[in-house]
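Student:
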Amino acid sequence: MTAAGAGDTATSKLEPIMGRDGLARLAASTVMVLGVGGVGSNCVEALARGGVGRLVIVDHDVVQASNINRQSIAFTSTIGRKKVDVARAMVADINPAAQVEAIDEFLLAENVPAFLDAHAGGADYVVDAIDTISAKLAVAQYADERGLRLISSMGAANKLRPECFRMADVYDTVNCPLCRIMRKEGRKRGIRHLRVLYSCEQPVDVPVREGAARRERSNLGTASYVPPIMGQMIAGEVICALAGIERA
């Protein structure tokens, strides 16, 4: 590194591997990220650092203390703030030239088609990082019917082994409870293809917390490193595709 980074730019390390044409394609691309939680927030960060020129980020939640172990937007200083607002500020700090449309909306299955009609028309790629299964299915069906490029994040809970993550069509997955549901319901809806990131690891058996109230009884836990790795892997898939780099 030169003194004080003289001559360095935010793309100095990207250009040798992406090429000038690849960087130009990325700068002209739009990526929509649905859900700015553990997977989504880390994906947004990587997309911004990777040179994507326009991001549309969608979420209706606020940062909570329980998010700090895995979300790139979660700090003690951001608790209580809208996730889309924190994510937009993060992108602006990484790449001031990037355009960010931050949409504060909770996606339900019934409003997905109208929402995507209104906001996804200019998207070159859509990332599904939402939690609600019915909404995930609605997004998948919309994308399949309209030829929209989509990658969907499957379950991160109760997973520990990063080496088990795979990109695949949902119909070729194993050992993922969420994928099992998506396959079954996807067939009913006539969804032909859905590219997903999933883990082939058997979920870790986690006991229900003693003394938890009924509404809090959950045996889902999330390792600090799992959602960030998933978000980075999805961003890598998207960036390579948009830059014109062939997948091996």
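Just add 59 to the spot in the sequence shown (first one is 1) and you have the working numbering. Positions of the beta carbon are idealized from the N, C-alpha and C atoms, including for glycine.
Would you please state the rounded distance, in angstroms, between the beta carbons of L114 and V159? I believe it to be under 8 Å.
Tutor: At roughly 5 Å, the Cβ-Cβ gap stays under 8 Å, so L114 and V159 are in contact.
Student: Quick one: Cα of G280 to Cα of P287, how far?
Tutor: G280 and P287: Cα-Cα distance of roughly 15 Å.
Student: Taking the straight line between their C-alpha atoms, what separation do you get for M289 and C102?
Tutor: Using only the alpha carbons, I get a separation of about 8 Å.
Student: Less than 9 Å between the beta carbons of I240 and D203, yes or no?
Tutor: Not a contact, by the Cβ cut-off of 9 Å.
Student: Taking the DSSP output, what are the residues bridged to T89?
Tutor: For T89, which the question treats as bridged, DSSP gives the partners R113.
Student: Output the distance between the C-alpha atoms of A161 and L106, rounded to the nearest integer angstrom.
Tutor: Cα-Cα distance, rounded: 15 Å.
Student: Could you give the uninterrupted runs of the alpha helix (DSSP H) lying entirely in the region 132 to 167, keeping only those of 4 residues or more?
Tutor: Runs of the alpha helix (DSSP H) inside the region 132 to 167: 142 to 153.
Student: Where V233 and N126 are concerned, what is the direct C-alpha to C-alpha distance, given to the nearest angstrom?
Tutor: Their Cα atoms are separated by approximately 28 Å.
Student: Between which residues of its own chain and A168 is the CB-CB distance below 8 Å, once the five residues before and five after are set aside?
Tutor: Closer than 8 Å at Cβ, skipping near neighbours: T191, S193, A194, L196 and A197.
Student: What residue range does the alpha helix (DSSP H) around D228 cover?
Tutor: Per DSSP, D228 belongs to no alpha helix (DSSP H); it is in the beta strand (DSSP E), F224 to D228.
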